[in-house]
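Chemist:
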Amino acid sequence: MRNEVREQRRQRGLSQVELADALGVSRQTVISIESGRYMPSLPLAFTIARFFDLTVDKMFDPDDEEAGA
Amino acid sequence: MMTFIPPRLRKPAVYVLAGLLFAAAWLVQGGHLWFVSIMAVIGTAAGAVRLYRLGGTDTDEGARAGSRTDERQQLVSLRSRALACNLAAATSFLGLTAAIAVKAAWGWPFLVTFLITGYGYLLGLGNYGVAEEGTPDDEDAGSQTRPSVSS
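Protein chains in written order, with our numbering: chain A, 1 to 69; chain B, 1 to 151.
1) I'd like to know if residue 8/B contacts chain A, where contact means its C-beta is closer than 8 Å to some C-beta of that chain.
2) Take residue 95/B and list the residues in its own chain whose beta-carbon comes closer than 6 Å to its own, dropping the five residues that flank it on each side.
3) Please check if any C-beta of chain A sits within less than 8 Å of the C-beta of residue 71/B.
4) Once you ignore the five residues that flank residue 141/A on each side, which residues in its own chain have a CB closer than 7 Å to its CB?
5) Would you decide whether residue 61/B is buried or exposed? Buried here means 16 or more other CB atoms lie within 10 Å of its CB.
6) Can you tell me where the alpha helix (DSSP H) with residue 161/B in it begins and where it stops?
7) Quick check on DSSP: helix, strand or coil for residue 96/A?
8) If contact means a Cβ-Cβ distance below 7 Å, which residues of the region 60 to 94 of chain B contact chain A?
9) In three-state DSSP terms, what is residue 186/B?
10) How about residue 137/B: is its C-beta nearer than 8 Å to some C-beta of chain A?
11) Can you find at least 3 beta carbon pairs, one from the region 17 to 31 of chain B and one from the region 49 to 60 of chain B, that sit closer than 8 Å?
12) Would you mind stating whether residue 8/A and residue 52/A have Cβ atoms separated by less than 8 Å?
13) Start and end of the alpha helix (DSSP H) containing residue 75/B?
14) Which whole-angstrom value is the C-beta distance of residue 11/A and residue 30/A, which I expect to be below 8 Å?
15) Could you check the C-alpha separation between residue 45/A and residue 4/A for me, to the nearest Å?
16) Could you check what DSSP says for residue 64/B in three-state terms: helix, strand or coil?
17) Assuming residue 63/B and residue 51/B are in contact, meaning their beta carbons sit under 8 Å apart, how far apart are those beta carbons, in whole angstroms?
18) Locate the alpha helix (DSSP H) running through residue 56/B, then write down its first and last residues.
19) Does the beta-carbon distance from residue 12/B to residue 48/B come in below 8 Å?
20) Determine which residues of the region 31 to 63 of chain A have a Cβ less than 7 Å from any Cβ of chain B, and write them out in chain order.
21) Tell me the rounded alpha-carbon separation between residue 98/B and residue 137/B.
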């Protein structure tokens, strides 16, 4: 599943540590989400989307699974 | 249960408790191997310090040691525990089968382990929601088919 986390974070000039602190997760988890190795839970997906003022389907694209693999 | 202990101290505390129990077992046993209990205490202390220091590092292992895991780290830990349990069940089954085949008396610990892992699995199914499918909505009750949705 492709996601926009890395792009949105970079657009806002945030480091992975800063984003991790804001989301209440570890830096390693942010890295895993950005690289597509970990699919966040629904509550965390909503937290991420709200943090970036986007909807969940804008942040995470389930139709782009093959492209991310 | 352990919320009164600071998160970073929880795993070391459990480690110390387990180590002291192990040391006490050697001490209670007596005999010429009593000194093993002292070695166990020293090893436990060293391990607890190492665990505490690990808990302060910015790694997945550090998060686990420091009891501050997020959802991904908890999921990894859960999967690891499930794998460990599967291995324990498979190993105990093989051990029990081997003991039966050679008519050995040492098969009962394998049987106990196998029964505990099996019972633990059933207990988990009961506790974590297998029996909580709920009842269907009124509209769905009595009907297994849904009208097709035209797009």
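No residue lacks a Cβ here, since even glycine has one placed at the ideal position from N, Cα and C.
Modeler: In short, the structure shows the following:
1) no
2) The answer, listed in chain order, is 110.
3) Yes, its Cβ sits closer than 8 Å to a Cβ of chain A.
4) Because chain A in this structure spans residues 1 to 69, residue 141/A falls outside the shown range and cannot be described.
5) exposed
6) Because chain B spans 1 through 151 in this model, residue 161/B falls outside it and cannot be assessed.
7) With chain A running from 1 to 69 in the structure shown, residue 96/A is simply not present.
8) 60, 63, 70, 71, 72, 73
9) The requested residue 186/B does not occur in the structure, where chain B is confined to residues 1 to 151.
10) With respect to chain A, the C-beta atom of residue 137/B has no partner C-beta closer than 8 Å.
11) no
12) yes
13) Here the alpha helix (DSSP H) through residue 75/B covers 71 to 101.
14) Actually they are not in contact, since the Cβ atoms of residue 11/A and residue 30/A sit about 15 Å apart, beyond 8 Å.
15) 11 Å
16) helix
17) Residue 63/B to residue 51/B, Cβ: 13 Å. No contact.
18) Counting along the chain, residue 56/B falls outside any alpha helix (DSSP H), and DSSP gives it neither H nor E.
19) yes
20) 32, 38, 41, 44
21) 51 Å
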